[in-house]
Each structure stands twice: as C-alpha cells, then as structure tokens.
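In my numbering, the protein residues as written are 5 to 323. The next block holds one structure in the form of structure tokens; read it before the comments.
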C-alpha cells in the first residue's frame, strides 16, 4: 500500500462511508436525480462516526496515528508557522546529522531557535534522515545551536518526533549516551525559555536529548515513552505481537501523560488526526506554542532556570 492511499484499520468504516457518498453523488449527477437528502444523511453519519471513533481510540491506535506516514513532520510545521528559517548545520566535531535540523526562524516576527527531529517522507529521504533517529553528532549540533540561541537571547523551540536515538555501532562508538547526557545537563542551565513539543513519536533518550524545557507539550495523537510498545512487549513477554497490550499498560498517550503531569499541555488535532489536515494542525500547534512563549516571556532569567528545574524535580512525586 502506498503512502497516498495508506489507511489504518479503524479508519476503514469512514472510508466505506466516504466511498458511498462519492458514488451516490456520481449517480445523482449522471442520472439527474436529486439525492441531496440521502447525501446529507450520509455526511451526517460520517461526521458522527468520525467523532465516535477518534474520541475512543485505544493507546495502540494512537501510537499508529503518531506513526502515520502522512502525518506532518517538523519541517512541515516550520514551513507553516514560521518565516525566515535559516538552517545551521554541523556539530563542529564530527559532521552534520540530518536526523536533527536546527536554525533561527521568526515566529510572528519574533526570532526563535528551532531544534527538531525530522523523519523522511519517502525512502530516499528516510535514508538521508535515518528515519529520525539521531547519531551523537545530531545532539551535539543541537546543543551548539541552543548555546548560540542563549548568546543571542532568543527562546528555543524543540520539536520532538523520533522512535529513539540511533542504536547502531557507529553511534555507540561516537558515544551517543554521553552526548544525550551532556544535553540533559546543559539544557537545565540555558537562560532562555525552552518549549518542547512532541508531534509524533517521543522515544526514550532520543526524545529527551532535546526535551528539557520549561514547558513540554504533546499533540493529541502523539506518544511519549521510555521505550516503544514493541520493545516493552519484547522485554516483558518475549513477544512483540503483544505491543497493543503493552501500550495500554504503559500510559503513554497524551491524556495519560497529562494525568501524570509528565506534560504541561495537549495540542488539539483536527478530527481524524493531524494527517487529515496539515493546515489546521499547524494552526493549533502555533497557537499552543505562542501561548507558552508569551507566558514564559514574563519571567526573569533566574525564574526561567528555577521553573525548569522545579518542573523536572517534581516528576514522580506522589501526593
């Protein structure tokens, strides 16, 4: 199945109704028969069915949406919500990692620094971007640009969408664990506001490497987890096919993460998921990001540091 006609199992009832509507409209036109009432009834059924399905998705179904190949990626959001994006490359130590992009841009005329995971839309780009899985030089590039943002006194937006850092031999040889750990430490010390947003997959240390922010948001159908559901099922039950069961137990959806205070807000998506309407998804994304930056702009540098530190120290507190 190609990306163009890709659909998930739970979307099939909607596709069947859409197909009926198209056929009925064609029949009406070809035979000059007024079927306005019947078509309107089917459209009403479609709208109700869509709301019913997407308001009651299981955690595993939301994971499937987070991985949808037509879902907007970081560059899509950057193009739609910012102007004057100027990409900066290289970590000044080893090379440039295409899985993480970064650079200055303007958000409603205000300069910001953007760091983001970028997946590939087709096979060629996926290979170039390594499926959004960064090597250590990607995280070192990110840190270099974040420190540049601090010097320029501009806020930082981190867009997270990765299954995890690349676990290959070359990545380990260049010390990916150390690169991520250094980023965690240094991001706590940056004296500019940082807003992080999980737009698809938020996988483990690969996500955390650019995930230490004053505010952490998540898209409605994204997930954020220490391990993938398949990895968890493989460890716990030695059976990756039990990933749906693992996803339910892990509490990795936006709703669960809000209840656990792991994230600070959920970004609304168009009904049916962000892949159905990139423009609306970008509009909701921009509104949420601007709200957070406007709030953080009222804080002093010391307050920014204290707020970020206290936010993460509070994780896991009970009572």
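All C-beta atoms, glycine included, are put in the ideal place defined by N, C-alpha and C. Being a predicted model, the structure only gives us computed values, none of them experimental.
When the options are compared against residue i, the one with the closest alpha-carbon
i, options, result
"residue 285", "226, 231, 236, 312", "226"
"residue 297", "242, 220, 172, 275", "220"
"residue 50", "31, 24, 60, 30", "24"
"residue 187", "142, 27, 304, 171", "142"
"residue 150", "38, 116, 56", "116"
"residue 170", "161, 112, 280, 181", "181"
"residue 161", "78, 57, 41, 280", "78"
"residue 257", "230, 124, 289, 245", "230"
"residue 74", "147, 126, 167", "126"
"residue 196", "154, 302, 31", "154"
"residue 97", "148, 114, 14", "148"
"residue 144", "114, 189, 224, 113", "189"
"residue 166", "173, 139, 157", "139"
"residue 261", "223, 288, 45", "223"
"residue 156", "176, 137, 194", "194"
"residue 236", "207, 202, 211", "207"
"residue 102", "42, 76, 114, 131", "131"
Run of the alpha helix (DSSP H) containing residue i, from where it starts to where it stops
i, result
"residue 40", "40-58"
"residue 80", "78-85"
"residue 93", "First-last for residue 93: undefined, no H or E at that position."
"residue 137", "Careful: residue 137 lies outside any alpha helix (DSSP H) and carries neither H nor E."
"residue 67", "63-70"
"residue 278", "Note, residue 278: premise wrong, no alpha helix (DSSP H); not H, not E."
"residue 307", "305-317"
"residue 24", "16-34"
Residue interval of the beta strand (DSSP E) (run including residue i)
i, result
"residue 229", "227-229"
"residue 165", "160-166"
"residue 201", "198-207"
"residue 269", "269-271"
"residue 12", "From DSSP, residue 12 is part of no beta strand (DSSP E); its letter is neither H nor E."
"residue 221", "219-223"
Cβ-based burial, residue i [other Cβ within 10 Å; buried from 16]
i, result
"residue 233", "buried"
"residue 273", "buried"
"residue 20", "exposed"
"residue 90", "exposed"
"residue 259", "exposed"
"residue 87", "exposed"
"residue 307", "exposed"
"residue 271", "buried"
"residue 119", "buried"
"residue 34", "exposed"
In DSSP terms, what residue i is bridged to
i, result
"residue 121", "104"
"residue 116", "109"
Exercise. Kindly confirm or deny that the stretch 255-273 and the stretch 82-93 touch, where touching means at least three C-beta pairs closer than 8 Å.
Key: no
Quiz item: If you pair each beta-carbon of the stretch 301-318 with each one of the stretch 92-112, do three or more pairs fall below 8 Å?
Solution: no
Exercise. Determine contact between the stretch 238-254 and the stretch 172-181, defined as no fewer than three beta-carbon pairs at a distance below 8 Å.
Key: Too few Cβ pairs lie closer than 8 Å, so no.
Quiz item: Counting pairs of beta carbons, one from the stretch 12-19 and one from the stretch 51-59, are three or more of them closer than 8 Å?
Solution: The stretch 12-19 vs the stretch 51-59: in contact.
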